[in-house]
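Numbering (my numbering), first residue to last: 1 to 521. Ideal placement from N, C-alpha and C gives every residue a C-beta, glycine not left out. One structure below.
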Amino acid sequence: MALAEVASAAVERLSTQWPFVLSALLVFAAAWFMQSLFKQDPLSKIPFIGAEVGDESKRLTAFLQDAKAMYAQGYKKFKQGMFRLTTTRESPMVVLSPRFLNELKDLPDDVLSFSGAIDEIMHPAFTNVKSDRQIIPHIVKRDLTPGLNRLNPVVAEEVDLAFQEEIPQTTEWTSVPLNKHLLRIVSKVSGRIFVGPELCRTDEYVDISINYTLEVNNATQAISAMKPSERAAKGEDLPEVKALKAREKRAQEFIRPLVEARKKAIKNDPDFQKPDDILQWLLDDGQAKYGEQAVQELTEVQLGLTFAAIHTTTISTTNAFYTLATMPELISELREEVRSVLNEYGTFTTNALQRMKKLDSFLKESMRVHPLGWSSFLRKVLKPFVLSNGQVIPAGCIIEVPSYNHMHDPEVIENPEQFDALRWYRRREAQELEGSHKGSAAATNQLVSVSSVALNFGYGRHACPGRFFAANEIKMIVGRAVLDYDFKLPDGETQRYKNFELAGACIPDPTKNLMFKRATI
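Here's what the structure looks like:
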(Lines of atoms letter the chains of each structure in order from A and count residues from 1; the text may use other names and numbers.)
(Lines give C-alpha, C1' and ligand atoms only; values in the text may rest on other atoms or scores of the structure.)
Protein backbone atom coordinates (compact mmCIF):
# COMPACT_ATOMS: atom_id res chain seq x y z
CA MET A 1 0.00 0.00 0.00
CA ALA A 2 1.37 3.44 -0.92
CA LEU A 3 2.19 5.90 1.80
CA ALA A 4 -0.59 8.22 0.64
CA GLU A 5 -3.11 5.40 0.90
CA VAL A 6 -1.93 4.51 4.40
CA ALA A 7 -2.22 8.10 5.49
CA SER A 8 -5.66 8.42 3.93
CA ALA A 9 -6.87 5.25 5.66
CA ALA A 10 -5.49 6.41 8.98
CA VAL A 11 -7.21 9.77 8.68
CA GLU A 12 -10.48 8.08 7.75
CA ARG A 13 -10.27 5.66 10.68
CA LEU A 14 -9.38 8.48 13.06
CA SER A 15 -12.27 10.58 11.84
CA THR A 16 -14.73 7.77 12.45
CA GLN A 17 -13.31 6.88 15.86
CA TRP A 18 -12.56 10.43 17.04
CA PRO A 19 -15.76 10.83 19.13
CA PHE A 20 -14.89 7.68 21.05
CA VAL A 21 -11.28 8.77 21.51
CA LEU A 22 -12.39 12.20 22.69
CA SER A 23 -14.85 10.67 25.16
CA ALA A 24 -12.15 8.41 26.55
CA LEU A 25 -9.78 11.33 26.92
CA LEU A 26 -12.44 13.38 28.70
CA VAL A 27 -13.23 10.54 31.10
CA PHE A 28 -9.53 10.06 31.81
CA ALA A 29 -9.03 13.79 32.34
CA ALA A 30 -12.02 14.02 34.68
CA ALA A 31 -10.83 11.02 36.67
CA TRP A 32 -7.32 12.45 36.88
CA PHE A 33 -8.68 15.82 37.96
CA MET A 34 -10.89 14.38 40.69
CA GLN A 35 -8.11 12.11 41.91
CA SER A 36 -5.64 14.98 42.09
CA LEU A 37 -8.27 17.16 43.73
CA PHE A 38 -8.92 14.68 46.52
CA LYS A 39 -5.22 13.96 46.96
CA GLN A 40 -4.69 17.57 47.97
CA ASP A 41 -5.56 18.67 51.47
CA PRO A 42 -8.96 20.27 50.85
CA LEU A 43 -9.04 21.72 54.36
CA SER A 44 -5.94 23.81 53.70
CA LYS A 45 -8.07 26.35 51.86
CA ILE A 46 -10.47 26.77 54.79
CA PRO A 47 -9.28 29.44 57.26
CA PHE A 48 -8.84 28.82 60.97
CA ILE A 49 -10.59 31.10 63.42
CA GLY A 50 -8.13 31.95 66.16
CA ALA A 51 -5.07 31.46 63.96
CA GLU A 52 -3.73 34.75 65.26
CA VAL A 53 -3.43 33.39 68.81
CA GLY A 54 -0.89 30.77 67.80
CA ASP A 55 -0.58 27.01 67.45
CA GLU A 56 -3.14 24.26 67.99
CA SER A 57 -2.73 24.25 71.77
CA LYS A 58 -3.33 27.99 72.02
CA ARG A 59 -6.31 27.83 69.68
CA LEU A 60 -7.83 25.09 71.84
CA THR A 61 -7.32 27.21 74.95
CA ALA A 62 -9.05 30.12 73.22
CA PHE A 63 -11.95 27.84 72.26
CA LEU A 64 -12.37 26.57 75.81
CA GLN A 65 -12.30 30.10 77.20
CA ASP A 66 -14.66 31.78 74.72
CA ALA A 67 -16.00 29.53 72.00
CA LYS A 68 -19.01 31.81 71.59
CA ALA A 69 -16.80 34.68 70.44
CA MET A 70 -14.92 32.41 68.03
CA TYR A 71 -18.14 31.23 66.39
CA ALA A 72 -19.27 34.85 66.15
CA GLN A 73 -15.99 35.90 64.54
CA GLY A 74 -16.17 33.06 62.04
CA TYR A 75 -19.79 33.76 61.16
CA LYS A 76 -19.11 37.47 60.65
CA LYS A 77 -16.16 36.82 58.34
CA PHE A 78 -17.43 33.77 56.48
CA LYS A 79 -21.22 33.86 56.75
CA GLN A 80 -21.69 32.49 53.24
CA GLY A 81 -18.71 30.15 53.38
CA MET A 82 -16.97 28.11 56.04
CA PHE A 83 -14.25 28.16 58.66
CA ARG A 84 -12.32 25.80 60.91
CA LEU A 85 -12.12 25.66 64.68
CA THR A 86 -9.75 23.85 67.00
CA THR A 87 -12.04 22.09 69.48
CA THR A 88 -11.86 19.30 72.04
CA ARG A 89 -12.70 16.79 69.30
CA GLU A 90 -10.07 14.53 67.81
CA SER A 91 -11.31 15.04 64.25
CA PRO A 92 -10.89 18.33 62.35
CA MET A 93 -13.92 20.62 62.75
CA VAL A 94 -15.38 22.51 59.79
CA VAL A 95 -18.19 25.01 60.42
CA LEU A 96 -20.36 25.48 57.33
CA SER A 97 -22.75 28.27 56.44
CA PRO A 98 -26.42 27.38 56.99
CA ARG A 99 -26.92 28.13 53.30
CA PHE A 100 -25.56 24.64 52.61
CA LEU A 101 -28.16 22.90 54.78
CA ASN A 102 -30.50 21.96 51.95
CA GLU A 103 -27.77 20.11 50.08
CA LEU A 104 -26.29 18.60 53.24
CA LYS A 105 -29.56 17.15 54.49
CA ASP A 106 -29.97 15.12 51.31
CA LEU A 107 -26.62 13.35 51.60
CA PRO A 108 -26.94 9.67 52.65
CA ASP A 109 -25.82 8.36 56.01
CA ASP A 110 -22.83 6.61 54.48
CA VAL A 111 -21.51 10.06 53.52
CA LEU A 112 -22.63 12.17 56.49
CA SER A 113 -23.12 10.24 59.71
CA PHE A 114 -25.01 11.61 62.69
CA SER A 115 -24.15 8.56 64.80
CA GLY A 116 -20.49 8.80 63.80
CA ALA A 117 -20.28 12.32 65.16
CA ILE A 118 -21.93 11.31 68.43
CA ASP A 119 -19.84 8.16 68.85
CA GLU A 120 -16.64 10.19 68.66
CA ILE A 121 -17.77 12.08 71.76
CA MET A 122 -19.39 9.21 73.66
CA HIS A 123 -16.81 6.43 73.18
CA PRO A 124 -19.46 3.67 73.04
CA ALA A 125 -16.90 0.88 73.43
CA PHE A 126 -16.48 2.03 77.03
CA THR A 127 -19.72 3.86 77.88
CA ASN A 128 -22.15 1.60 76.00
CA VAL A 129 -23.96 4.75 74.81
CA LYS A 130 -24.94 3.64 71.31
CA SER A 131 -26.24 6.36 69.03
CA ASP A 132 -27.29 3.86 66.34
CA ARG A 133 -29.68 1.88 68.56
CA GLN A 134 -32.51 1.83 66.02
CA ILE A 135 -35.21 0.66 68.38
CA ILE A 136 -35.30 4.04 70.16
CA PRO A 137 -36.26 6.22 67.17
CA HIS A 138 -38.52 3.40 65.99
CA ILE A 139 -40.48 3.39 69.25
CA VAL A 140 -40.56 7.20 69.47
CA LYS A 141 -41.79 7.69 65.90
CA ARG A 142 -44.17 4.74 65.79
CA ASP A 143 -45.63 4.77 69.30
CA LEU A 144 -44.75 7.84 71.37
CA THR A 145 -45.43 10.73 69.01
CA PRO A 146 -48.62 9.27 67.46
CA GLY A 147 -49.83 8.43 70.98
CA LEU A 148 -49.50 11.91 72.46
CA ASN A 149 -53.22 12.64 72.08
CA ARG A 150 -54.06 9.95 74.64
CA LEU A 151 -50.85 10.36 76.69
CA ASN A 152 -50.87 14.12 77.27
CA PRO A 153 -53.49 14.00 80.06
CA VAL A 154 -51.42 11.28 81.76
CA VAL A 155 -48.32 13.47 81.55
CA ALA A 156 -50.31 16.42 82.90
CA GLU A 157 -51.43 14.38 85.90
CA GLU A 158 -47.82 13.42 86.63
CA VAL A 159 -46.77 17.08 86.39
CA ASP A 160 -49.35 17.97 89.03
CA LEU A 161 -48.18 15.19 91.35
CA ALA A 162 -44.53 16.10 90.87
CA PHE A 163 -45.16 19.77 91.66
CA GLN A 164 -46.96 18.83 94.85
CA GLU A 165 -43.97 16.76 95.95
CA GLU A 166 -41.14 19.02 94.76
CA ILE A 167 -42.38 22.62 95.14
CA PRO A 168 -43.42 23.94 98.60
CA GLN A 169 -47.20 24.22 98.84
CA THR A 170 -47.24 27.42 100.87
CA THR A 171 -48.48 30.96 100.38
CA GLU A 172 -45.29 32.31 101.95
CA TRP A 173 -42.30 33.10 99.79
CA THR A 174 -39.91 30.13 99.95
CA SER A 175 -36.47 29.73 98.42
CA VAL A 176 -36.28 26.80 95.99
CA PRO A 177 -33.08 25.41 94.39
CA LEU A 178 -34.80 25.32 91.04
CA ASN A 179 -32.53 23.17 88.89
CA LYS A 180 -32.34 20.46 91.55
CA HIS A 181 -36.12 20.20 91.82
CA LEU A 182 -36.73 20.52 88.08
CA LEU A 183 -34.42 17.56 87.51
CA ARG A 184 -36.60 15.51 89.84
CA ILE A 185 -39.82 16.78 88.25
CA VAL A 186 -38.62 16.03 84.71
CA SER A 187 -37.36 12.58 85.79
CA LYS A 188 -40.72 11.66 87.32
CA VAL A 189 -42.80 13.06 84.46
CA SER A 190 -40.66 11.51 81.72
CA GLY A 191 -40.45 8.27 83.69
CA ARG A 192 -44.23 8.03 83.79
CA ILE A 193 -44.12 7.43 80.04
CA PHE A 194 -40.80 5.60 80.00
CA VAL A 195 -41.44 2.94 82.68
CA GLY A 196 -44.83 3.64 84.25
CA PRO A 197 -46.03 4.76 87.70
CA GLU A 198 -44.66 1.75 89.59
CA LEU A 199 -41.09 2.99 89.22
CA CYS A 200 -41.09 6.62 88.09
CA ARG A 201 -42.01 8.09 91.49
CA THR A 202 -39.41 6.18 93.46
CA ASP A 203 -36.25 7.87 94.68
CA GLU A 204 -34.14 5.11 93.14
CA TYR A 205 -35.54 5.74 89.67
CA VAL A 206 -35.04 9.49 90.02
CA ASP A 207 -31.47 8.89 91.19
CA ILE A 208 -30.75 6.66 88.19
CA SER A 209 -32.32 9.10 85.73
CA ILE A 210 -30.34 12.07 86.99
CA ASN A 211 -26.97 10.56 87.81
CA TYR A 212 -26.59 8.15 84.91
CA THR A 213 -26.03 11.09 82.56
CA LEU A 214 -23.52 12.67 84.93
CA GLU A 215 -21.57 9.42 85.16
CA VAL A 216 -21.59 9.03 81.38
CA ASN A 217 -20.13 12.52 81.08
CA ASN A 218 -17.48 11.72 83.69
CA ALA A 219 -16.50 8.56 81.81
CA THR A 220 -16.35 10.22 78.39
CA GLN A 221 -14.18 13.03 79.72
CA ALA A 222 -11.81 10.57 81.38
CA ILE A 223 -11.51 8.50 78.19
CA SER A 224 -11.03 11.58 76.03
CA ALA A 225 -8.19 12.69 78.28
CA MET A 226 -6.29 9.45 77.58
CA LYS A 227 -4.00 8.94 74.62
CA PRO A 228 -5.98 7.06 71.94
CA SER A 229 -3.29 4.38 71.83
CA GLU A 230 -3.80 3.62 75.54
CA ARG A 231 -7.58 3.41 75.61
CA ALA A 232 -8.01 -0.22 74.56
CA ALA A 233 -5.65 -1.45 77.28
CA LYS A 234 -6.49 0.92 80.12
CA GLY A 235 -9.91 2.43 79.42
CA GLU A 236 -11.93 -0.21 81.26
CA ASP A 237 -9.84 0.33 84.40
CA LEU A 238 -10.65 4.02 84.73
CA PRO A 239 -12.56 4.73 87.98
CA GLU A 240 -15.12 6.75 86.01
CA VAL A 241 -15.79 3.86 83.63
CA LYS A 242 -16.10 1.41 86.53
CA ALA A 243 -18.57 3.74 88.26
CA LEU A 244 -20.65 3.90 85.09
CA LYS A 245 -20.68 0.11 84.72
CA ALA A 246 -21.77 -0.23 88.34
CA ARG A 247 -24.60 2.24 87.69
CA GLU A 248 -25.75 0.21 84.70
CA LYS A 249 -25.74 -2.99 86.75
CA ARG A 250 -27.81 -1.38 89.54
CA ALA A 251 -30.26 -0.10 86.94
CA GLN A 252 -30.67 -3.62 85.55
CA GLU A 253 -31.44 -5.06 88.97
CA PHE A 254 -33.85 -2.21 89.65
CA ILE A 255 -35.88 -2.74 86.50
CA ARG A 256 -35.68 -6.55 86.41
CA PRO A 257 -38.62 -7.34 88.77
CA LEU A 258 -41.00 -5.15 86.78
CA VAL A 259 -39.91 -6.62 83.44
CA GLU A 260 -40.26 -10.19 84.70
CA ALA A 261 -43.65 -9.46 86.26
CA ARG A 262 -44.98 -8.02 83.02
CA LYS A 263 -43.63 -10.89 80.93
CA LYS A 264 -45.22 -13.37 83.31
CA ALA A 265 -48.56 -11.54 83.23
CA ILE A 266 -48.56 -11.38 79.44
CA LYS A 267 -47.90 -15.11 79.26
CA ASN A 268 -50.23 -16.36 82.00
CA ASP A 269 -52.97 -13.78 82.60
CA PRO A 270 -55.51 -13.41 79.77
CA ASP A 271 -57.10 -10.45 81.59
CA PHE A 272 -53.83 -8.55 82.00
CA GLN A 273 -54.26 -4.90 81.03
CA LYS A 274 -51.05 -3.86 79.37
CA PRO A 275 -49.66 -0.56 80.65
CA ASP A 276 -49.37 2.25 78.12
CA ASP A 277 -45.69 3.14 78.38
CA ILE A 278 -42.44 2.72 76.48
CA LEU A 279 -41.33 -0.27 78.51
CA GLN A 280 -44.46 -2.14 77.46
CA TRP A 281 -44.11 -1.04 73.84
CA LEU A 282 -40.59 -2.41 73.89
CA LEU A 283 -41.88 -5.71 75.23
CA ASP A 284 -44.60 -5.85 72.57
CA ASP A 285 -43.67 -4.14 69.35
CA GLY A 286 -39.94 -4.06 70.00
CA GLN A 287 -39.77 -7.76 70.79
CA ALA A 288 -41.79 -8.65 67.71
CA LYS A 289 -39.53 -6.56 65.48
CA TYR A 290 -36.14 -7.15 67.07
CA GLY A 291 -36.54 -10.52 68.76
CA GLU A 292 -36.43 -11.60 72.39
CA GLN A 293 -35.11 -8.81 74.56
CA ALA A 294 -33.19 -9.49 77.75
CA VAL A 295 -33.42 -7.28 80.80
CA GLN A 296 -29.98 -5.92 79.99
CA GLU A 297 -31.06 -4.68 76.57
CA LEU A 298 -34.29 -3.19 77.91
CA THR A 299 -32.30 -1.41 80.61
CA GLU A 300 -29.84 -0.03 78.08
CA VAL A 301 -32.71 1.39 76.04
CA GLN A 302 -34.26 2.97 79.14
CA LEU A 303 -30.92 4.49 80.12
CA GLY A 304 -30.54 5.79 76.57
CA LEU A 305 -33.92 7.51 76.85
CA THR A 306 -33.04 9.18 80.15
CA PHE A 307 -29.65 10.24 78.78
CA ALA A 308 -31.30 11.93 75.80
CA ALA A 309 -34.19 13.50 77.68
CA ILE A 310 -33.72 14.37 81.34
CA HIS A 311 -30.92 16.92 81.46
CA THR A 312 -31.65 18.53 78.09
CA THR A 313 -35.30 19.07 79.01
CA THR A 314 -34.33 20.36 82.44
CA ILE A 315 -31.82 22.83 80.98
CA SER A 316 -34.41 24.30 78.61
CA THR A 317 -37.02 24.48 81.38
CA THR A 318 -34.60 26.09 83.84
CA ASN A 319 -33.72 28.71 81.23
CA ALA A 320 -37.40 29.50 80.82
CA PHE A 321 -37.94 29.94 84.58
CA TYR A 322 -34.85 32.13 85.00
CA THR A 323 -36.14 34.43 82.27
CA LEU A 324 -39.74 34.49 83.50
CA ALA A 325 -38.58 35.38 87.00
CA THR A 326 -37.43 38.75 85.62
CA MET A 327 -40.66 39.40 83.68
CA PRO A 328 -43.64 39.49 86.07
CA GLU A 329 -45.86 41.13 83.47
CA LEU A 330 -45.26 38.21 81.12
CA ILE A 331 -46.11 35.72 83.88
CA SER A 332 -49.48 37.45 84.22
CA GLU A 333 -50.11 37.33 80.47
CA LEU A 334 -49.20 33.67 80.19
CA ARG A 335 -51.26 32.86 83.29
CA GLU A 336 -54.31 34.37 81.67
CA GLU A 337 -53.79 32.36 78.50
CA VAL A 338 -53.27 29.07 80.36
CA ARG A 339 -56.26 29.69 82.63
CA SER A 340 -58.52 30.52 79.70
CA VAL A 341 -57.53 27.43 77.74
CA LEU A 342 -57.78 25.05 80.71
CA ASN A 343 -61.20 26.45 81.60
CA GLU A 344 -62.29 25.19 78.19
CA TYR A 345 -60.38 21.90 77.99
CA GLY A 346 -59.99 20.92 81.65
CA THR A 347 -56.41 19.69 81.31
CA PHE A 348 -53.37 19.83 79.03
CA THR A 349 -54.78 17.94 76.06
CA THR A 350 -53.19 18.16 72.64
CA ASN A 351 -55.75 20.73 71.52
CA ALA A 352 -55.23 22.73 74.70
CA LEU A 353 -51.47 22.82 74.19
CA GLN A 354 -51.95 23.96 70.60
CA ARG A 355 -54.12 26.82 71.82
CA MET A 356 -51.39 28.10 74.17
CA LYS A 357 -49.72 30.10 71.43
CA LYS A 358 -48.15 32.75 73.64
CA LEU A 359 -46.60 30.14 75.92
CA ASP A 360 -45.28 28.31 72.88
CA SER A 361 -43.81 31.54 71.49
CA PHE A 362 -42.08 32.38 74.76
CA LEU A 363 -40.49 28.94 75.00
CA LYS A 364 -39.31 29.08 71.38
CA GLU A 365 -37.74 32.49 72.01
CA SER A 366 -36.15 31.20 75.21
CA MET A 367 -34.49 28.40 73.27
CA ARG A 368 -33.35 30.83 70.57
CA VAL A 369 -31.67 33.16 73.05
CA HIS A 370 -30.51 30.47 75.49
CA PRO A 371 -29.76 27.34 73.43
CA LEU A 372 -27.92 24.24 74.59
CA GLY A 373 -24.92 25.26 72.49
CA TRP A 374 -23.63 27.43 69.68
CA SER A 375 -23.89 24.97 66.81
CA SER A 376 -26.16 22.35 65.30
CA PHE A 377 -26.32 19.73 62.53
CA LEU A 378 -23.31 17.81 63.80
CA ARG A 379 -22.13 15.14 61.34
CA LYS A 380 -19.07 12.94 60.77
CA VAL A 381 -17.90 12.84 57.15
CA LEU A 382 -17.44 9.20 56.12
CA LYS A 383 -16.90 9.80 52.40
CA PRO A 384 -15.59 12.94 50.70
CA PHE A 385 -18.10 15.13 48.90
CA VAL A 386 -18.14 18.42 47.03
CA LEU A 387 -20.28 21.40 48.04
CA SER A 388 -22.10 23.53 45.49
CA ASN A 389 -19.35 26.15 45.71
CA GLY A 390 -16.73 23.58 44.67
CA GLN A 391 -15.19 23.05 48.11
CA VAL A 392 -14.22 19.45 48.82
CA ILE A 393 -15.06 18.19 52.30
CA PRO A 394 -12.83 15.20 53.02
CA ALA A 395 -13.63 12.06 54.96
CA GLY A 396 -12.66 12.06 58.61
CA CYS A 397 -13.68 15.55 59.60
CA ILE A 398 -16.71 16.78 61.55
CA ILE A 399 -19.07 19.39 60.15
CA GLU A 400 -21.62 21.61 61.87
CA VAL A 401 -23.45 24.90 61.29
CA PRO A 402 -23.26 28.00 63.55
CA SER A 403 -26.92 27.94 64.56
CA TYR A 404 -26.71 30.49 67.40
CA ASN A 405 -25.13 33.13 65.19
CA HIS A 406 -27.57 32.43 62.37
CA MET A 407 -30.52 32.85 64.74
CA HIS A 408 -29.00 36.16 65.94
CA ASP A 409 -28.37 37.57 62.47
CA PRO A 410 -30.40 40.76 61.79
CA GLU A 411 -30.74 39.63 58.16
CA VAL A 412 -32.52 36.52 59.42
CA ILE A 413 -34.30 37.64 62.61
CA GLU A 414 -35.54 41.18 63.24
CA ASN A 415 -33.99 42.78 66.34
CA PRO A 416 -32.23 39.52 67.21
CA GLU A 417 -30.52 40.79 70.36
CA GLN A 418 -33.88 41.62 71.95
CA PHE A 419 -35.66 38.92 73.92
CA ASP A 420 -39.14 39.17 72.42
CA ALA A 421 -41.37 36.65 74.15
CA LEU A 422 -44.24 37.04 71.68
CA ARG A 423 -42.12 37.28 68.53
CA TRP A 424 -43.28 33.94 67.16
CA TYR A 425 -46.86 34.46 68.31
CA ARG A 426 -47.09 37.69 66.28
CA ARG A 427 -45.50 36.09 63.23
CA ARG A 428 -47.91 33.19 63.45
CA GLU A 429 -50.93 35.47 63.80
CA ALA A 430 -49.75 37.74 60.97
CA GLN A 431 -49.30 34.82 58.59
CA GLU A 432 -52.77 33.55 59.39
CA LEU A 433 -54.24 37.03 58.76
CA GLU A 434 -52.42 37.19 55.44
CA GLY A 435 -54.23 34.07 54.38
CA SER A 436 -51.68 31.39 55.14
CA HIS A 437 -53.14 28.07 56.16
CA LYS A 438 -53.17 27.77 59.95
CA GLY A 439 -51.17 24.58 59.77
CA SER A 440 -48.53 26.23 57.60
CA ALA A 441 -48.26 29.27 59.89
CA ALA A 442 -47.93 27.02 62.92
CA ALA A 443 -45.41 24.71 61.27
CA THR A 444 -42.89 27.51 60.73
CA ASN A 445 -43.33 29.34 64.04
CA GLN A 446 -43.92 26.68 66.70
CA LEU A 447 -41.51 25.49 69.36
CA VAL A 448 -41.15 22.13 67.58
CA SER A 449 -40.57 23.69 64.16
CA VAL A 450 -37.41 22.64 62.37
CA SER A 451 -35.96 24.98 59.75
CA SER A 452 -32.79 26.87 58.88
CA VAL A 453 -33.76 29.48 61.49
CA ALA A 454 -34.95 26.94 64.07
CA LEU A 455 -32.09 24.51 64.60
CA ASN A 456 -32.36 23.72 68.30
CA PHE A 457 -33.87 20.32 67.53
CA GLY A 458 -31.57 19.65 64.59
CA TYR A 459 -32.44 19.57 60.91
CA GLY A 460 -33.27 17.05 58.23
CA ARG A 461 -34.13 13.39 58.75
CA HIS A 462 -32.12 13.19 61.97
CA ALA A 463 -33.98 16.05 63.66
CA CYS A 464 -34.83 15.07 67.23
CA PRO A 465 -37.73 12.59 67.01
CA GLY A 466 -38.63 13.14 70.66
CA ARG A 467 -39.07 16.91 70.36
CA PHE A 468 -42.88 16.70 70.33
CA PHE A 469 -42.97 14.89 73.66
CA ALA A 470 -40.27 17.15 75.13
CA ALA A 471 -42.04 20.32 73.99
CA ASN A 472 -45.34 19.18 75.49
CA GLU A 473 -43.64 18.29 78.76
CA ILE A 474 -41.91 21.68 79.02
CA LYS A 475 -45.14 23.51 78.19
CA MET A 476 -47.04 21.59 80.86
CA ILE A 477 -44.39 22.25 83.52
CA VAL A 478 -44.12 25.97 82.79
CA GLY A 479 -47.87 26.27 82.23
CA ARG A 480 -48.66 24.64 85.58
CA ALA A 481 -46.13 26.89 87.31
CA VAL A 482 -47.48 30.17 85.93
CA LEU A 483 -51.05 29.10 86.70
CA ASP A 484 -50.60 27.92 90.29
CA TYR A 485 -47.50 29.72 91.59
CA ASP A 486 -45.91 33.10 91.89
CA PHE A 487 -42.14 33.06 91.48
CA LYS A 488 -39.44 35.68 91.34
CA LEU A 489 -35.73 36.34 91.85
CA PRO A 490 -34.54 36.53 95.46
CA ASP A 491 -34.41 39.95 97.07
CA GLY A 492 -31.43 41.91 95.87
CA GLU A 493 -31.30 40.18 92.47
CA THR A 494 -32.48 42.34 89.58
CA GLN A 495 -30.99 40.70 86.48
CA ARG A 496 -31.50 37.29 84.93
CA TYR A 497 -28.96 34.78 86.17
CA LYS A 498 -26.10 34.45 83.71
CA ASN A 499 -25.60 31.12 82.01
CA PHE A 500 -22.36 29.19 82.15
CA GLU A 501 -20.67 29.23 78.74
CA LEU A 502 -18.36 26.23 78.63
CA ALA A 503 -16.60 25.77 75.28
CA GLY A 504 -19.41 24.83 72.88
CA ALA A 505 -22.11 24.52 75.55
CA CYS A 506 -24.40 27.00 77.29
CA ILE A 507 -26.15 25.94 80.50
CA PRO A 508 -28.07 27.78 83.23
CA ASP A 509 -26.37 28.10 86.61
CA PRO A 510 -27.63 25.03 88.53
CA THR A 511 -26.78 26.55 91.92
CA LYS A 512 -29.29 29.41 91.82
CA ASN A 513 -32.55 29.68 93.74
CA LEU A 514 -35.90 31.22 92.90
CA MET A 515 -38.58 32.33 95.35
CA PHE A 516 -41.87 30.41 95.07
CA LYS A 517 -45.29 30.60 96.68
CA ARG A 518 -48.75 29.37 95.81
CA ALA A 519 -50.68 31.92 93.79
CA THR A 520 -53.69 33.30 95.62
CA ILE A 521 -55.64 34.41 92.58
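Asked: Neighbourhood of Val338 by C-beta, 7 Å cutoff - its chain only, sequence neighbours within 5 removed; Found: Met356, Leu359, Gly479, Val482, Leu483
Asked: Local Cβ density within 10 Å of Leu433, reported as buried at 16 or more and exposed below that; Found: exposed
Asked: Selected residue, minimal CA-CA separation from Tyr404, among Gly74, Ala243, Glu230; Found: Gly74
Asked: Beta-carbon contacts of Ala2 that lie in its chain and below 7 Å, excluding the five residues immediately before and after; Found: Low per-residue confidence applies at Ala2: pLDDT is 46, beneath 50, and the placement is therefore not dependable enough to give any value.
Asked: Buried or exposed (CB count within 10 angstroms, at least 16 for buried), Leu334; Found: buried
Asked: DSSP-derived helix/strand/coil call for Glu400; Found: strand
Asked: Distance, Thr171 Cα to Gly147 Cα; Found: 37 Å
Asked: Val216 versus Met327: straight-line alpha-carbon distance, rounded; Found: 36 Å
Asked: Any alpha helix (DSSP H) of 4 or more consecutive residues that is wholly inside the region 204-286; Found: 228-234, 239-268, 278-281
Asked: The region 110-121 touching the region 368-382, judged by at least three CB pairs closer than 8 Å; Found: yes
Asked: Straight-line gap, Val448 to Lys249 (C-alpha atoms, nearest Å); Found: 35 Å
Asked: Stretch-stretch touch, CB-based, cutoff 8 Å, three pairs: the region 308-327 with the region 508-521; Found: yes
Asked: Own chain, CB closer than 7 Å to Val341, minus 5 neighbours either side, in chain order; Found: Ala352, Arg355, Met356
Asked: Runs of beta strand (DSSP E) wholly within the region 33-109 (minimum 3 residues, chain order); Found: 82-85, 93-96
Asked: Buried versus exposed call for Asn149 [16 or more other C-beta atoms within 10 Å across all chains shown]; Found: exposed
Asked: Which listed residue (Glu414, Asn179, Gly196, Ile135) has its alpha carbon closest to that of Glu158; Found: Gly196
Asked: Cα-Cα separation, Gly235 to Arg247; Found: 17 Å
Asked: Exposure label - Val412; buried when at least 16 CB within 10 Å; Found: exposed
Asked: Cα-Cα separation between Asp66 and Ser57, rounded to whole angstroms; Found: 14 Å
Asked: Span separating the alpha-carbon of Gln296 from that of Gln252; Found: 6 Å
Asked: 8 Å Cβ cutoff met for Glu473 and Thr313; Found: yes
Asked: Spatial neighbours of Gly81 in its chain, beta-carbon cut-off 7 Å, leaving aside the 5 residues before and after; Found: Ser97
Asked: Option nearest Phe419 by Cα separation, candidates Asn445, Ser366, Glu493; Found: Ser366
Asked: Under 8 Å between C-beta atoms of Ser175 and Ser209; Found: no
Asked: Residues bridged to Asp486 (per DSSP); Found: Lys517
Asked: Same chain, Cβ closer than 8 Å to Asp276, five either side skipped, listed in chain order; Found: Gly147, Arg150, Leu151, Val154
Asked: C-beta contact flag for Ala309 and Ser131 at 8 Å; Found: no
Asked: When Glu336, Ser452, Thr220 are compared against Ile118, the one with the closest alpha-carbon; Found: Thr220
Asked: Environment of Leu363 [buried if 16+ CB atoms lie within 10 Å]; Found: buried
Asked: Residues near Pro47 by beta carbon distance below 6 Å, same chain, minus five either side; Found: Phe83
Asked: Three-state secondary structure (DSSP) of Arg428; Found: helix
Asked: Classification of Thr127 by the beta-carbon crowding that lies within 10 angstroms, buried from 16 upward; Found: buried
Asked: Contact check, Phe163 vs Ala325, beta carbons under 8 Å; Found: no
Asked: Per-residue burial, Gly346 [other beta carbons within 10 Å of its own, 16 or more giving buried]; Found: exposed
Asked: Rounded C-alpha distance that separates Ser91 from Gly460; Found: 23 Å
Asked: Nonlocal neighbours in the same chain, by C-beta distance under 6 Å from Leu305, ignoring five residues either side; Found: Phe194
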